[in-house]
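Peer 1:
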Amino acid sequence: MFENNKIRALFGIKYPIIQGGMVWVSGWKLASAVSEAGGLGLIGAGSMKPELLREHIRECKNGTSKPFGVNIPLLRKDADDLIKTTLEEGVKIIFTSAGSPAKYTGQLKSEGITVVHVVSNVKQGLKAENAGCHAVVGEGVEAGGHNGADEITTFCLIPQLASALSIPVIGAGGIADGRGMAAALALGAEGVQIGTRFAASAESSAHEFYKQKLIESDDRGTELIFRNYALVRLIKSDYSARVRHAECAGVAPDRLKMLLGEKREKKGIFEGDLTEGMMEAGQSAGMISSIEPVEKIMRDILIDFENTIKNLGKIF
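Numbering follows the working numbering, with no gaps: position 297 of the sequence shown is 298.
(1) Flag this pair as touching only if the segment 153-165 and the segment 125-144 have three or more C-beta atom pairs under 8 Å; answer yes or no.
(2) In three-state terms, what does DSSP make of E90?
(3) Under 9 Å, do G47 and V117 count as touching if we go by C-beta distance?
(4) Hey, could you find the ends of the alpha helix (DSSP H) I142 is sitting in?
(5) Measuring only the C-alpha atoms, how far is L188 from I316?
(6) Residues in the same chain with beta-carbon distance under 8 Å from S167, minus the five sequence neighbours each way, listed in chain order, please.
(7) Confirm, please, whether the CB-CB distance from P169 to I8 is below 9 Å.
(8) Rounded to whole angstroms, what's the CA-CA distance from L83 to K93? Just pull it up for me.
(9) If you run the structure through DSSP and keep just helix, strand and coil, what is A129?
(10) Which residues does DSSP pair with E52 in a beta bridge?
(11) Which of the three DSSP states is assigned to S202 in this structure?
(12) Would you mind working out which of I216, A177 and G45 sits nearest R300, comparing C-alpha positions?
(13) Would you mind working out which of I310, E293, N308 and I304 sits nearest A34, comparing C-alpha positions?
(14) Measuring only the C-alpha atoms, how far is N308 from A183?
(15) Measure from the alpha carbon of F199 to the alpha carbon of each residue in S290, A150 and K267, then state which is nearest.
(16) Using the Cβ count rule (16 or more neighbours within 10 Å means buried), how would you classify T276?
(17) Buried or exposed, going by whether 16 or more other CB atoms sit within 10 Å of the CB of I304?
(18) Which whole-angstrom value is the C-beta distance of P68 and L41, which I expect to be below 8 Å?
(19) Distance check for G251 and K297, CA to CA, integer angstroms please.
(20) Quick check: what's the CA-CA separation for M280 versus G273?
(21) If contacts are defined as beta-carbon pairs under 8 Å, then K119 and G126 qualify, I think. What distance do you get, rounded to the angstrom?
(22) Assuming Q194 contacts I171 (C-beta within less than 8 Å), just tell me the rounded distance between them.
(23) Would you identify the three-state DSSP class for P254, choosing helix, strand or coil?
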């Protein structure tokens, strides 16, 4: 299975499944477990200082001999330092997001790094391709965390990226099982990036209260806030309701920025503050009913994928 898959060949992995590099969730335990199970684990550097990132990279190397990568949001003021640390530690795969990869791609490629950038529309995808990225992650608005202002859905984004680009597309946003994986590949993706499902894994570094909220969520369990500032999808809560009401009341951007505040993500995801924290999660949370080890999650996705393909064969 997947013998001729471009993403599998690009990263040297068994299955074209990438674990999202989520803040306060994707530490070395999660990344190494996904890589050990045949996917590509990513350490989420967005919630780490350079020295903490260095620790996680070294622990991940102890946890797996298989390929893994680091996700670095380029909007971080210390992005240069995070990239420097990643290079010093010999990581060969870097996913970038939240900014233009053009500043870094040439340097990274000269160091032998495989570079992938997260995009939310075709224009961004073309820029990433022109910058020299090896692949892009096409992330639809179903995804948790910060999203593209155009609010393009995964179902519409993937085929347009696949038609416009010559580099491989990895589908992301709302994918949590084998059915979603099969759909993404049918739409032109060469692989999938899965975040929220892995956030509810045993190896995730998220707080148990946050994981329980994922399980309790249904199809209407998340919402988009900060639409005019920094679009974010998160689990509905007292905090998200306050922000929504402020936006509807026409509160000025500066005051909304104060509502966003500092370390809201840490409070919600890592510390389990269900009232004041920001619990970022994708719409696929409504598809999650239990906390499982990564090995079982991966196995279930692959079994579901094969069954979906077989069932499609029966239809035709």
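For each residue, glycine too, the CB sits at the ideal point set by N, CA and C. Computed from a predicted structure; not experimentally measured.
Peer 2: Let me spell this out:
(1) With the cut-off at 8 Å, the segment 153-165 and the segment 125-144 touch.
(2) Reduced to three states, the DSSP call for E90 is coil.
(3) Going by C-beta atoms, G47 is not nearer than 9 Å to V117.
(4) Just to set this straight, residue 142 is Val in the shown sequence, not Ile. First-last for V142: undefined, no H or E at that position.
(5) Looking at the two C-alpha atoms, the distance is approximately 18 Å.
(6) In chain order, E130 place their CB closer than 8 Å to the CB of S167, counting only its own chain and leaving out the 5 sequence neighbours on each side.
(7) It is a contact, given that the beta carbons lie within the stated cut-off.
(8) Each residue's alpha carbon lies about 14 Å from the other.
(9) DSSP places A129 in helix when its eight states are reduced to three.
(10) In the DSSP output, where bridge partners are listed per residue, E52 has none listed.
(11) Secondary structure at S202: strand, using DSSP grouped into helix, strand and coil.
(12) Checking every option, the nearest Cα to that of R300 belongs to A177.
(13) Looking at the Cα atoms, E293 is the closest of the given residues.
(14) For N308 and A183, the gap between their C-alpha atoms comes out near 10 Å.
(15) Answer by Cα proximity: S290.
(16) T276 counts as exposed, since fewer than 16 other beta carbons sit within 10 angstroms of its beta carbon.
(17) Looking at its Cβ environment, which holds fewer than 16 other Cβ atoms inside 10 Å, I304 is exposed.
(18) The beta-carbon separation of P68 and L41, rounded to 6 Å, stays under the 8 Å limit for a contact.
(19) Counting only the Cα atoms, G251 lies some 46 Å from K297.
(20) If you take the alpha carbons of M280 and G273, they lie about 9 Å apart.
(21) The question names Lys, but residue 119 is Val in the sequence shown. A Cβ-Cβ separation of about 10 Å leaves V119 out of contact with G126 under the 8 Å criterion.
(22) With 8 Å as the limit, Q194 and I171 qualify as a contact, their Cβ atoms being about 5 Å apart.
(23) Helix at P254.
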